[in-house]
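Everything on this sheet refers to the single structure shown next.
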Amino acid sequence: MIGNQAVNGLTQLLVKDIATYEHSIRIGKMAKLMAAYLNYDEQQTQKLIAGCCLHDMGKVHIHESILKKKSSLTQEEWKFMKRHAFFGVQMAIMEGITDQDIIDTIHYHHERWDGTGYPTGLQGTDIPLYARICSILDAFDSMISDLPYKKGMSIQHAREELIRQSYSQFDGRYVQVFLTIQDIILAYIQRDSVHSASYFARSVYHPEIMQQ
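Residues 24 to 235, numbered by this note's numbering, are exactly what the sequence shown covers, in order.
This is the structure in structure tokens:
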């Protein structure tokens, strides 16, 4: 089941880096609301949530000296950091995840609409849809969060950046969807403390849990 596999992946992140774990949970919660707004059915919703929760799973294999570095990464460090997408796919397969939509989200969430992303330089609608959505959620949360190398920017500044990067970094159609429900998303992810991996993964199969 996706829920159990998500628990395993998230638990490994929790052991490795609490900040990446919490980021992944927030992205999963954002994905749930995006799916609801887009009228996704249960299967589509489960896939989007799982892919978003596990998008950074491969960072388990990135050394802490890189993950927590307080200055800019060197060219070699950045080259290795970008391999987390590949590592994530390998981990997902080892956990028994075979759904291609989930694997594609993990693999391609750093692709850019204009084709300048990684790991393969896919462009436009050649980028799998769930990966396009995940990239928006991932970028927004990263922009407003304090990270080892930067202070988080304001929500307004992050909004402006999403708009500015529409149809260059992001699929502008889904940027507009995100901005339409942004206030609901922020209220939802801030309403409670970050839930445990098992709690959130169970919610993929039992959506009513997340409505409490």
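Using N, Cα and C, we set each Cβ at its ideal position, and we do this for glycine too.
Subject >> Supposed close pair residue 168, residue 46 - CB separation, criterion 8 Å >> reply: Residue mapping note: residue 168 aligns to position 145 of the sequence shown, counting from 1. Residue mapping note: residue 46 aligns to position 23 of the sequence shown, counting from 1. Rounded, the Cβ-Cβ distance is 7 Å, consistent with contact.
Original post:
What does residue 189 pair with, by DSSP beta-bridge criteria?
Top reply: Along the sequence shown, read from residue 1 onward, the residue named residue 189 stands at position 166. Answer is 193, bridged to residue 189.
Original post:
Taking the alpha helix (DSSP H) that residue 60 falls in, what are its first and last residues?
Top reply: Taking the first residue of the sequence shown as position 1, residue 60 is located at position 37. First-last of the alpha helix (DSSP H) with residue 60: 41-60.
Original post:
Among 178, 130, 102, 207, which has the Cα closest to the Cα of residue 155?
Top reply: Working through the sequence shown from its first residue, we reach residue 155 at position 132. The shortest C-alpha separation from residue 155 is found at 130.
**OP:** Find out if the Cβ-Cβ distance for the pair residue 81, residue 111 is shorter than 8 Å.
**Re:** As a working mapping, residue 81 is identified with position 58 in the sequence shown. As a working mapping, residue 111 is identified with position 88 in the sequence shown. Yes; because the gap between Cβ atoms is below 8 Å, this pair is in contact.
**OP:** Just tell me which of 44, 40, 75 has its CA closest to the CA of residue 57.
**Re:** Counting from 1 along the sequence shown, the entry for residue 57 is found at position 34. Of 44, 40, 75, the residue nearest in Cα terms is 75.
Original post:
With respect to the alpha helix (DSSP H) encompassing residue 153, which residues constitute its N-terminal and C-terminal limits?
Top reply: Position 130 of the sequence shown holds residue 153. Note, residue 153: alpha helix (DSSP H), 152-167.
Original post:
Which partner residues does residue 170 have in the DSSP bridge list?
Top reply: On the sequence shown, position 147 is the one that residue 170 refers to. Answer is 173, bridged to residue 170.
Original post:
Are the beta-carbon atoms of residue 193 and residue 158 separated by less than 8 Å?
Top reply: Here residue 193 refers to the residue found at position 170 when the sequence shown is read from its first residue. Here residue 158 refers to the residue found at position 135 when the sequence shown is read from its first residue. In this structure, the beta-carbon distance from residue 193 to residue 158 falls below 8 Å.
Original post:
Helix, strand or coil: which one does DSSP assign to residue 84?
Top reply: Residue numbering aside, residue 84 sits at position 61 when the sequence shown is read from its first letter. Here residue 84 sits in helix by DSSP.
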